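Q: One structure is given below, represented as structure tokens, and several questions about it will come after.
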Amino acid sequence: MGDLLVLIGMIAMGYFVGSYLERRHYASIRERESAFVHLPATTLKKPIHPEAVTESYLVHGSVVISLDYFKRMVAGFRNIFGGNLGTYETLLDRARREAILRMKVDAKDANEILNLRIETSSISKSDRKGKIGSIEVYAYGTAIKF
Amino acid sequence: MYITNIESVPGRNIVEHFGLVSGSTVRAKHVGRDIMAGLKNVFGGELKGYTELLTESREEAIDRMKAQAVSLGANAIVNVRFSTSSVASGAAELYVYGTAVTVS
Chain W
562 MGDLLVLIGM IAMGYFVGSY LERRHYASIR ERESAFVHLP ATTLKKPIHP
612 EAVTESYLVH GSVVISLDYF KRMVAGFRNI FGGNLGTYET LLDRARREAI
662 LRMKVDAKDA NEILNLRIET SSISKSDRKG KIGSIEVYAY GTAIKF
Chain E
1224 MYITNIESVP GRNIVEHFGL VSGSTVRAKH VGRDIMAGLK NVFGGELKGY
1274 TELLTESREE AIDRMKAQAV SLGANAIVNV RFSTSSVASG AAELYVYGTA
1324 VTVS
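So the protein lines, in turn, are chains W and E.
Sequential numbering from 562 applies to the first sequence in the working numbering.
Sequential numbering from 1224 applies to the second sequence in the working numbering.
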């Protein structure tokens, strides 16, 4: 009985705290994205005017993000019936946008970022108490100044 | 030292190739950081300790790659790629590689 209460408590906390954190994170992502609208990140390999470029350097940003308990439960149920895992989709979307934003912060006063690459890897560790599932997103590219 | 992940250094010409240079680190997680990660698994959110750890490890790998390029006499590394693989429970390998060149 005690175990069940703990479980329900963890799911409830995961749901309320997790969704609050997610809303706050999305608000902050939107705000910073509009602040960086002048610095486009492209997947082009060559600058449009190579002769105008004065400086180029590697920039990167990364984030490790973890699922909350409620989302993990929902994902567990979805595994039985199949279908989209909406909870994982928003998690990955947040992580990627955050990594790109951090890369743009690293680029400081550059004019453009070329050849943006995003790498996603899952960092998980299982032990007796269960599994720690977290995802690392790493974004990197070449910043150029005109 | 110029480092880019495109095939050239814009505005400069590549005059000499030195071949592949690479750097890697294998890092295990810190116990204290793991405890926090366990708590964060209930609420969700960013695991700052891990973000820092992986960033530091990547910087280390980049430094090793740079040292290798310097020893070859290169002044730039182009077409840099990163790769991450988890080699054992709780440990990750961060690998970075590129082509060492001399630019004018």
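From the three backbone atoms N, C-alpha and C, an ideal C-beta is built for every residue, glycine too.
None of these values were measured; they are calculated from a predicted model.
Of the choices W:668, W:568, W:682, whose alpha-carbon is the least far from that of residue 601 of chain W?
A: Counting from one through the first sequence, the residue named residue 601 of chain W turns up at place 40. Closest by alpha carbon: W:668.
Q: So who's on the other strand from residue 1269 of chain E, going by DSSP bridges?
A: Here residue 1269 of chain E is taken as the residue at index 46 of the second sequence, counted from 1. The partner list for residue 1269 of chain E (beta bridge, DSSP) reads W:626.
Q: Enumerate in chain order the residues of its own chain whose CB-to-CB distance from residue 1326 of chain E is below 8 Å, with the five nearest sequence positions on each side excluded.
A: Start at 1 with the first residue of the second sequence, and residue 1326 of chain E comes out as number 103. Here the set comprises 1225, 1232, 1235, 1236, 1237, 1238, 1298, 1299.
Q: From residue 699 of chain W to residue 664 of chain W, what does the alpha carbon distance come to, in whole angstroms?
A: Against the first sequence, residue 699 of chain W aligns to sequence position 138. Against the first sequence, residue 664 of chain W aligns to sequence position 103. Computed Cα separation, rounded: 9 Å.
Q: Taking Cβ positions only, does residue 617 of chain W come closer than 7 Å to chain E?
A: Position 56 of the first sequence holds residue 617 of chain W. Chain E, which has a Cβ nearer than 7 Å to the Cβ of residue 617 of chain W, makes this yes.
Q: Drop a sphere of 10 angstroms on the beta-carbon of residue 594 of chain W, count the other beta-carbons inside from all chains shown, and report buried for 16 or more, exposed for fewer.
A: Position 33 of the first sequence holds residue 594 of chain W. When all chains shown are included, residue 594 of chain W counts as exposed.
Q: Going along chain W, which residues have a C-beta under 9 Å from residue 1290 of chain E?
A: Locating residue 1290 of chain E in the second sequence gives position 67, counting from the first residue. Within 9 Å Cβ-Cβ: nothing; residue 1290 of chain E doesn't reach chain W, min ~16 Å.
Q: Whole beta strand (DSSP E) runs in the segment 627-705 of chain W with 3 or more residues, listed along the chain?
A: 673-688
Q: Note down the Cα distance separating residue 1245 of chain E from residue 1294 of chain E, rounded to an integer number of angstroms.
A: Numbered from 1 along the second sequence, position 22 holds the residue referred to as residue 1245 of chain E. Numbered from 1 along the second sequence, position 71 holds the residue referred to as residue 1294 of chain E. Residue 1245 of chain E and residue 1294 of chain E: Cα-Cα distance of roughly 12 Å.
Q: At what residues does the alpha helix (DSSP H) containing residue 591 of chain W begin and finish?
A: Taking the first residue of the first sequence as position 1, residue 591 of chain W is located at position 30. Unbroken alpha helix (DSSP H) run through residue 591 of chain W: 563-596.
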